[in-house]
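In terms of our numbering, the sequence shown opens at residue 178 and continues consecutively. Ideal placement from N, C-alpha and C gives every residue a C-beta, glycine not left out. Shown next, in structure tokens, is the structure this report addresses.
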Amino acid sequence: MNKEAILIIGCMERYRFYKQLSGHEVAELFAHYKLYEYITYFYETISSMGTHCIIRDLDNYINIHTG
178 MNKEAILIIG CMERYRFYKQ LSGHEVAELF AHYKLYEYIT YFYETISSMG
228 THCIIRDLDN YINIHTG
């Protein structure tokens, strides 16, 4: 497993825990908003963030694309 996949899984688990979602709900959310690609593209930045910053960043990204 590559480092990007490990980070994506970690982000999904953190997001699932803090938002009290199921694994299926998180997977659908990440797929719908293309968060897999976003996390991969910004790997260096996101991998240096703490949990609260990651959650806030993902929420901001979702809010921007919700329109």
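(Q) So, at 8 Å on beta carbons, what are the nonlocal neighbours of Tyr213 in its own chain, with the 5 sequence-adjacent residues on each side left out? (A) Start at 1 with the first residue of the sequence shown, and residue 213 comes out as number 36. Excluding positions up to five away in sequence, the list reads Ile185, Phe207.
### Message
Please return the same chain residues whose Cβ sits closer than 8 Å to the Cβ of Ala204, not counting the five positions on each side in sequence.
### Response
Sequence index remark: in the sequence shown, residue 204 carries index 27 (1-based). Excluding residues within five positions, the ones whose Cβ falls inside 8 Å are Met189.
> Assuming Arg191 contacts Ile231 under a Cβ cut-off of 8 Å, what Cβ separation, rounded to an integer in Å, is found between them?
Replying inline: Translated into the one-based positions of the sequence shown, residue 191 becomes position 14. Translated into the one-based positions of the sequence shown, residue 231 becomes position 54. Right, their Cβ atoms sit about 6 Å apart.
Note down the Cα distance separating Thr243 from Met178, rounded to an integer number of angstroms. Working through the sequence shown from its first residue, we reach residue 243 at position 66. Working through the sequence shown from its first residue, we reach residue 178 at position 1. Cα to Cα, the separation comes out at about 31 Å.
**Request:** In angstroms with no decimal places, state the Cα-to-Cα distance between Asp236 and Tyr210.
**Result:** Position 59 of the sequence shown, counting from 1, holds the residue named residue 236. Position 33 of the sequence shown, counting from 1, holds the residue named residue 210. Straight across, the Cα-Cα distance linking Asp236 with Tyr210 is about 11 Å.
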